[in-house]
Amino acid sequence: MKITLSAAGVRITLVATAIGAAACVPHLSPLSGTTLPASALPRPTMPPGRAKIVFNWELQDRETTTRGEGAARVAFPDSARLDFFLAGGIAGGGAVLIGDSLQAPGGDFIRKLIPPPPMLWAALGRLALPNLPDTVIRGEGMSVRADIGRPVNWRLTFHGDTLVRVERVDGDRVLEWVDRSDPKHVSYRNTVARRSLQLTITRTDEVPSFDASIWRLGR
94 MKITLSAAGV RITLVATAIG AAACVPHLSP LSGTTLPASA LPRPTMPPGR AKIVFNWELQ
154 DRETTTRGEG AARVAFPDSA RLDFFLAGGI AGGGAVLIGD SLQAPGGDFI RKLIPPPPML
214 WAALGRLALP NLPDTVIRGE GMSVRADIGR PVNWRLTFHG DTLVRVERVD GDRVLEWVDR
274 SDPKHVSYRN TVARRSLQLT ITRTDEVPSF DASIWRLGR
């Protein structure tokens, strides 16, 4: 028996899919705590010097899970190169991030692995957001949270001076976030695409220098 789907049926299916995706996007909770001045907002940066960070990664993209190993080479103040390898030693892909300029060739695979620059910097512990007005800051104990923009575009959470969470917001919906409450286990989630990346840090080595060629992909 041959089954056909009418144009109306296709529209209904697409609407139902969109509604289902929206239902998975969490709401932004209200800020709580004592109002703080703008000077209370921490400004975390990369540690001085250079380091190589070795990690295991797991990408969940809807119903598919991919795993492997990787390394990040980071240099103060604003340069990073990340390389991802599929489990079994199969070649993967890489990206170079300098300031807010991201190079990530390699097609769909690497685009799913690499978050946008503000999120990628957040995963590495550096705050690098576009300049936006209207910042509201509140504190509770050692925790400081800030909403940036009007309407809110970003929610930041700090423990002391350490960046632990960055959320990108549209209206009252959290579209994507990075969480590094445990700096050995860093999580990125795109709630709209239902895609997540988990990084488990296995080693961090300070290094004296990097060859300049690493900032050119393909080396």
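Number 144 in this note's numbering belongs to position 51 of the sequence shown; there are no gaps in the numbering.
Think of the CB as a built atom: it goes at the ideal place given N, C-alpha and C, for glycine as much as any other residue.
CA-CA distance, residue i and residue j?
| i | j | result |
| --- | --- | --- |
| residue 144 | residue 298 | 6 Å |
| residue 208 | residue 252 | 23 Å |
| residue 310 | residue 148 | 20 Å |
| residue 304 | residue 146 | 16 Å |
| residue 185 | residue 165 | 14 Å |
| residue 215 | residue 258 | 8 Å |
| residue 284 | residue 268 | 5 Å |
| residue 172 | residue 294 | 19 Å |
Classify residue i: buried if its beta carbon has 16 or more other beta carbons within 10 angstroms, exposed otherwise.
| i | result |
| --- | --- |
| residue 115 | Because residue 115 sits at a pLDDT of 46, beneath the cut-off of 50, its placement in the model cannot be relied upon, and the following sentence gives the value as read from the coordinates. Looking at its Cβ environment, which holds fewer than 16 other Cβ atoms inside 10 Å, residue 115 is exposed. |
| residue 243 | exposed |
| residue 233 | exposed |
| residue 300 | exposed |
| residue 113 | Unreliable placement is indicated for residue 113, whose pLDDT of 43 sits below 50; the coordinate value is still reported in the next sentence. The residue is exposed, with fewer than 16 neighbouring Cβ atoms inside 10 Å. |
| residue 141 | exposed |
What residues are listed by DSSP as bridge partners for residue i?
| i | result |
| --- | --- |
| residue 138 | According to DSSP, which records beta bridges pairwise, residue 138 is partnered with nothing at all. |
| residue 190 | 173 and 195 |
| residue 233 | 236 |
| residue 146 | 165 and 297 |
Please report the Cβ distance between residue i and residue j, rounded to the nearest whole angstrom; I am assuming they are in contact, meaning their Cβ atoms lie under 8 Å.
| i | j | result |
| --- | --- | --- |
| residue 248 | residue 240 | 6 Å |
| residue 287 | residue 155 | 5 Å |
| residue 124 | residue 229 | 6 Å |
| residue 289 | residue 153 | 5 Å |
Less than 8 Å between the CB of residue i and some heavy atom of the ligand GDP, yes or no?
| i | result |
| --- | --- |
| residue 274 | The model depicted lacks the ligand GDP and carries no ligand whatsoever. |
Quiz item: Is the number of C-beta pairs between the segment 126-146 and the segment 264-281 that are closer than 8 Å three or more?
Solution: no
Quiz item: Are at least three pairs of beta-carbons, each pair with one atom in the segment 221-234 and one in the segment 195-203, less than 8 Å apart?
Solution: no
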